[in-house]
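Visitor: So the sequences go chain by chain: A and B.
Its first residue numbered 1, the first sequence is counted upward by one per residue in the numbering used here.
Its first residue numbered 1, the second sequence is counted upward by one per residue in the numbering used here.
For glycine and all other residues, C-beta sits at the position ideal for the given N, C-alpha and C.
For reference, the structure I am asking about is given below.
There are 2 protein chains.
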Amino acid sequence: MSTRHEATPPLSGIRIVEIGHFIAAPFASRILGDLGAEIIKIEPPGGDPVRGWGAQSSGASLWWSVHGRNKRSVVVDLKQPEGIEAVARIIARSDALIENQRPGGLARLGFDRRRLQELRPGLVVAHVSGYGQTGPARDRAAFGVIGEAIGGLRHLTDHPPGTTDLPPPRVGISIGDSIAGLYAVIGVLAGLVRRSALASQGQPDDDICTIDVALTEAVLSLMEGVVTEYGALGLVRQPVGARIASAAPTNAYPSKDGRWVIIAANSDLLFQRLMALIGRGDLAADPALKNNAGRLEHVELIDAAISAWSCTFDAKRLAEVLAGADIPSTLIYSAADIAGDSQFRARGMVREVSDPRHGTLLHPGIVPHFPDSPGTIRSTGPEVGQDTEAVLADIAGYTAAEIEQLQKKGVIA
Amino acid sequence: MSTRHEATPPLSGIRIVEIGHFIAAPFASRILGDLGAEIIKIEPPGGDPVRGWGAQSSGASLWWSVHGRNKRSVVVDLKQPEGIEAVARIIARSDALIENQRPGGLARLGFDRRRLQELRPGLVVAHVSGYGQTGPARDRAAFGVIGEAIGGLRHLTDHPPGTTDLPPPRVGISIGDSIAGLYAVIGVLAGLVRRSALASQGQPDDDICTIDVALTEAVLSLMEGVVTEYGALGLVRQPVGARIASAAPTNAYPSKDGRWVIIAANSDLLFQRLMALIGRGDLAADPALKNNAGRLEHVELIDAAISAWSCTFDAKRLAEVLAGADIPSTLIYSAADIAGDSQFRARGMVREVSDPRHGTLLHPGIVPHFPDSPGTIRSTGPEVGQDTEAVLADIAGYTAAEIEQLQKKGVIA
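Here it is in structure tokens:
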């Protein structure tokens with residue numbers, strides 16, 4: 001009666017080809033692979049340059065173990081016609097394709113819309129680029145930092161104007177690429193849902209379904225009311241540093257040992273509770289601070305009072321005292337805090353994974369979590385081309401003799 | 001032969017119930033609604049408090065026009081048994097449910113797993129919370145700022161240690177909630193893909209499919225190799241401010257008129273081109289700066305040379321000069337820059353939308369973009385309960401007399 005016991009991850013049986021490099025497209029296929037899809041990563045001879053990024057151990061990138069996990073690596077020289085043919089045969093047996101060449105690059109390889117449709121009616125194709133596949137800026141080069149700045153994220157990630165001469169810091173990870181990757185995943189899955197819906201209605205399913213994700217636009221889509229407020233009121237939203245513009249008190253507060261602790265006590269009730277905890281019953285009783293509007297007006301005073309208290313505790317103790325009083329709060333976690341967090345460990349979100357090259361490594365877990373079919377990290381980032389022969393034989397239908405021939409010509413590796 | 005002409009958005013025909021508030025769950029349903037799903041937002045009398053957030057015009061939040069778009073609003077008092085029954089009847093006719101009550105909250109309302117399965121075999125249920133539905137911290141209160149700090153994002157969004165006494169700035173938007181929302185969308189869609197796959201195999205489809213998204217974990221999943229590098233090497237990654245740790249030069253550079261321009265010229269070729277542009281052929285020719293490792297070592301020198309040049313131009317002119325030389329670069333966009341950007345306009349990513357209360361507003365576009373079936377913004381954020389009667393009649397099957405009765409009792413509004 002129940003399918004629960006089967007516990008296959010949700011995307012089992014879906015095959016996805018990635019013609020990607022660096023971060024956005026490979027991040028998208030990592031998420032799809034984590035959820036059980038078979039990922040075939042097409043790489044040039046020598047492999048995706050992202051394989052070398054980040055800190056190294058045993059002569060290899062540690063990040064790659066994560067970024068390449070649950071993927072098969074197929075090395076094909078796309079400058080040779082036989083290489084294109086090999087990829088065509090893989091695409092013909094796949095459900096979706098994710099790529100992040102410059103706009104038009106895939107078509108220049110020979111995989112224009114018409115060809116893809118011939119190869120695999122119903123294929124879902126996600127294009128990821130800096131500015132999108134169309135429009136006056138489509139050919140401009142873009143990296144993540146560019147997309148983050150154009151989407152509006154960088155402007156707001158800063159201290160208030162006039163506070164410091166330092167430039168606005170970058171969000172310290174590849175956030176623009178990752179967000180674009182998440183939208184590419186959403187596009188691929190929505191395309192698959194649509195394909196199934198058409199099939200179940202007995203409708204033809206012969207066209208391809210195209211998705212066009214731009215880094216700039218992926219970032220913009222998270223910008224709340226920023227554009228709307230500007231259009232209606234001429235309001236140009238400005239950064240507010242460590243605070244929240246609309247509610248107080250919420251800030252990062254210093255500890256005795258030089259760390260920062262986040263306290264978010266901006267409801268009337270939480271404010272009362274926090275003021276009692278820090279021994280400032282006078283502020284709790286002050287009618288001017290009773291509601292949020294009043295607290296925003298006197299936020300400097302409130303933050304000074306909280307800081308004067310917070311900096312008398314070491315950070316860990318401070319976090320305990322706040323948690324004990326049920327005030328929403330936390331240490332600002334470093335990598336060490338993440339690795340040691342009991343909640344992450346209990347939920348498998350920091351887990352030990354065996355990597356053939358590195359031995360046991362810590363990996364982040366699989367998100368989103370499907371409790372009944374959580375899936376596994378089936379493999380860590382593969383060696384360059386380790387699956388070329390198997391994929392060409394099993395999926396693309398090449399004979400052993402043909403594969404040997406392609407190897408000799410340097411078409412595959 | 002082609003289905004292209006139909007151009008229905010990809011999630012047409014999918015119905016999703018949202019029992020959500022504030023940001024994460026409502027953001028997830030906004031994205032699903034943008035892609036064509038029918039969204040039924042269940043709200044308490046008075047509505048979701050997020051309706052009042054952000055700058056106001058005509059006595060109403062402008063953000064709400066965006067955050068609530070493509071949704072129907074149904075007001076039900078969930079403290080009354082008849083209210084629960086009404087929601088049960090809506091769930092029975094829906095494909096998925098997204099909620100962000102505190103863990104266990106949905107079950108306490110009566111919608112535990114068994115009940116949901118009785119109501120709608122095959123239902124996809126996404127739970128969004130701060131720390132997840134299980135584990136020692138599940139009951140702790142969490143806001144977005146907490147999730148961002150625990151996931152590791154906040155620590156890395158800062159200037160290098162020792163640069164300033166200012167606290168690490170918040171990413172100036174609700175990034176943790178939004179990322180969790182995107183993962184909830186991915187979960188719902190993967191659940192729908194799985195349901196279709198089971199159905200097409202003739203397998204029973206009677207269990208519900210549960211997804212458990214935590215803010216902390218959604219953030220952690222974007223943290224590249226941070227946890228892995230710590231585990232293997234004891235390396236605690238530190239913030240690097242406006243630069244990128246692994247490649248130079250990439251930074252924010254000042255303009256004459258006090259703005260910041262991003263320049264990302266960290267390949268060997270781009271570095272040569274940029275040095276020629278700024279009249280520093282001596283640096284272009286310096287063997288010590290020929291490759292990335294050398295440039296990282298002398299990054300202060302390089303950045304000083306670029307800044308000395310950049311601050312002789314006003315920002316707009318600076319951006320033009322850089323674009324003319326094909327150097328990846330951009331102004332850091334404010335709301336005004338976004339609203340005026342020709343690429344965003346050309347792609348409908350900043351578009352005019354008619355709002356019954358506000359008149360014409362600027363909205364961000366629909367992401368991800370499906371060029372063949374781009375969908376539309378069918379409606380802006382609804383008035384509280386404006387669709388209650390229609391949904392109860394058309395979907396839940398109540399008679400007009402029954403609806404009147406529920407209104408009199410204050411069960412619906």
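Are the CB atoms of Arg154(B) and Gly381(B) within a distance shorter than 7 angstroms?
Guide: Not closer than 7 angstroms, so no.
Visitor: Specify the secondary structure class of Ser2(A) as computed by DSSP and reduced to three states.
Guide: A caution first: Ser2(A) carries a pLDDT of 39, below 50, which makes its placement in the model unreliable, though a value can still be read off. Reduced to three states, the DSSP call for Ser2(A) is coil.
Visitor: Can you tell me where the alpha helix (DSSP H) with Ser200(A) in it begins and where it stops?
Guide: That run of the alpha helix (DSSP H) goes Ile175 to Ser200.
Visitor: Helix, strand or coil for Gln407(A), going by three-state DSSP, please let me know.
Guide: Helix.
Visitor: Output needed in chain order: residues of the stretch 161-176 of chain B with a Cβ under 9 angstroms from some Cβ in chain A.
Guide: Going along the stretch 161-176 of chain B in chain order, one finds Thr163, Thr164, Asp165, Leu166, Pro167, Pro168, Pro169, Arg170, Val171, Gly172, Ile173, Ser174 and Ile175 with a Cβ nearer than 9 angstroms to chain A.
Visitor: Excluding sequence positions up to five away, which residues of its chain have a Cβ less than 6 angstroms from the Cβ of Gln203(B)?
Guide: Excluding positions up to five away in sequence, the list is empty.
Visitor: Between the beta-carbon of Ser255(B) and the beta-carbon of Ala315(B), is there less than 7 angstroms?
Guide: Going by C-beta atoms, Ser255(B) is nearer than 7 angstroms to Ala315(B).
Visitor: Per DSSP, Lys41(A) forms a beta bridge with which residues?
Guide: Answer by DSSP bridge pairing, in chain order: Glu18(A) and Ser73(A).
Visitor: What is the residue span of the alpha helix (DSSP H) that Leu301(B) lies within?
Guide: Start and end: Val299 to Ser310.
Visitor: Indicate, with yes or no, if the ligand FMN has a heavy atom lying under 6 angstroms from the CB of Asp158(B).
Guide: The ligand FMN is not part of this structure, which contains no ligands at all.
Visitor: Please give the ranges of any alpha helix (DSSP H) in the stretch 95-141 of chain B, keeping only runs that are unbroken, at least 4 residues long and fully inside the region.
Guide: Whole alpha helix (DSSP H) segments, 4+ residues: 105-108 and 113-119.
Visitor: Mind checking the stretch 126-144 of chain B against chain A and listing, in chain order, the residues whose C-beta falls within less than 7 angstroms of any C-beta there?
Guide: For the stretch 126-144 of chain B, which is checked against every Cβ of chain A, the residues closer than 7 angstroms are Tyr131, Gly132, Thr134, Gly135, Pro136, Ala137, Ala141, Ala142 and Phe143.
Visitor: Taking a Cβ distance cut-off of 9 angstroms, strictly less, list which residues of the stretch 221-240 of chain B are near chain A, in chain order.
Guide: Of all residues in the stretch 221-240 of chain B, Ser221, Leu222, Met223, Glu224, Gly225, Val226, Val227, Thr228, Glu229, Tyr230, Gly231, Ala232, Leu233, Gly234, Leu235, Val236, Arg237, Gln238, Pro239 and Val240 have a Cβ within less than 9 angstroms of some Cβ in chain A.
Visitor: Of all the residues that make up the stretch 319-335 of chain B, which are near chain A by a beta-carbon distance shorter than 8 angstroms?
Guide: Those residues of the stretch 319-335 of chain B that come within reach of chain A (Cβ to Cβ, closer than 8 angstroms) are Ala323, Asp326, Pro328, Ser329, Thr330, Leu331, Ile332, Tyr333, Ser334 and Ala335.
Visitor: Where does Gln133(B) land, buried or exposed, given buried means 16+ other C-beta within 10 angstroms?
Guide: So Gln133(B) ends up on the buried side.
Visitor: Applying the criterion that 16 or more other CB atoms from any shown protein chain within 10 Å of the CB defines a buried residue, is Glu43(B) buried or exposed?
Guide: That one is buried.
Visitor: Just to check my reading of the structure: Ser73(A) and Asp387(A) have Cβ atoms closer than 8 angstroms, yes? What is that Cβ distance to the nearest angstrom?
Guide: Sure, about 5 angstroms apart at Cβ, within 8 angstroms.
Visitor: Whole alpha helix (DSSP H) runs in the stretch 378-404 of chain B with 4 or more residues, listed along the chain?
Guide: Segments of the alpha helix (DSSP H) lying fully in the stretch 378-404 of chain B: 388-394.
Visitor: Looking at chain B, is there any beta carbon in it that lies within less than 7 angstroms of the beta carbon of Met349(A)?
Guide: So yes, Met349(A) belongs to the interface.
Visitor: Three Cβ pairs or more, each shorter than 8 angstroms: is that satisfied between the stretch 146-162 of chain A and the stretch 328-348 of chain B?
Guide: With a cut-off of 8 angstroms, the stretch 328-348 of chain B and the stretch 146-162 of chain A count as touching, because enough Cβ pairs lie within range.
Visitor: Which residues of the stretch 360-391 of chain B have a Cβ closer than 9 angstroms to any Cβ of chain A? Give them in chain order.
Guide: Against chain A - using a Cβ distance shorter than 9 angstroms - the residues of the stretch 360-391 of chain B are Thr360, Leu361, Leu362, His363, Pro364, Gly365, Ile366, Val367, Pro368, His369, Phe370, Pro371, Asp372 and Ser373.
Visitor: So Leu324(B) is in the alpha helix (DSSP H); what residue range does that whole segment cover?
Guide: It is Gly, not Leu, that sits at residue 324(B) in the sequence shown. Here the alpha helix (DSSP H) through Gly324(B) covers Ala315 to Gly324.
Visitor: Determine the chain B residues that contact Val17(A) at a beta-carbon separation under 8 angstroms, and present them in chain order.
Guide: What Val17(A) touches in chain B: nothing, since even the nearest Cβ is about 17 angstroms away.
Visitor: Between the beta-carbon of Glu224(A) and the beta-carbon of Trp64(B), is there less than 7 angstroms?
Guide: It is not a contact, given that the beta carbons lie outside the stated cut-off.
Visitor: Could you name the residues of chain A that His21(B) contacts, counting a contact when the two beta carbons are closer than 8 angstroms?
Guide: The contacting residues do not exist; His21(B) stays about 14 angstroms from chain A at best.
Visitor: In chain A, which residues lie with their C-beta within 7 angstroms of the C-beta of Gly13(B)?
Guide: Correct list: Ala197.
Visitor: Glu18(B) and Ala24(B) look like a contact to me (Cβ under 8 angstroms); what is the Cβ gap, rounded to whole Å?
Guide: Their Cβ separation, rounded to whole angstroms, is 11 angstroms, which puts Glu18(B) and Ala24(B) out of contact at 8 angstroms.
Visitor: May I ask you to report which of helix, strand or coil DSSP gives Ile211(A)?
Guide: It is a strand residue.
Visitor: Return the residue from the list Gln56(A), His21(A) and Phe27(A) that minimises the CA-CA distance to His358(A).
Guide: Cα-wise, what sits closest to His358(A) is Gln56(A).
Visitor: State the start and end residues of the unbroken beta strand (DSSP E) segment that holds Pro364(B).
Guide: Here the beta strand (DSSP E) through Pro364(B) covers Gly359 to Pro364.
Visitor: Give the residues of chain A in contact with Gly191(B), contact being defined as C-beta atoms less than 7 angstroms apart.
Guide: Here the neighbours are Pro10.
Visitor: Looking at the structure shown, is Val353(B) part of a helix, part of a strand, or coil, going by DSSP?
Guide: Correct three-state label for Val353(B): strand.
Visitor: Taking Cβ-Cβ distances below 9 angstroms as the criterion, which residues of the stretch 59-77 of chain A are in contact with chain B?
Guide: Flagged, chain order: Ser61, Leu62, Trp63, Trp64, Ser65, Val66 and His67.
Visitor: In its own chain, which residues sit with a C-beta less than 6 angstroms from the C-beta of Ile403(B), not counting the 5 before and 5 after it?
Guide: Cβ neighbours of Ile403(B) beyond the five flanking positions: Glu389 and Leu392.
Visitor: Less than 7 angstroms between CB atoms is the rule here; does Ile40(B) satisfy it with respect to chain A?
Guide: So, not an interface residue.
Visitor: Distance, Cα to Cα, Pro427(B) vs Ile211(A)?
Guide: The structure shown does not extend to residue 427(B), since chain B spans only 1 to 413, so no value can be given for it.
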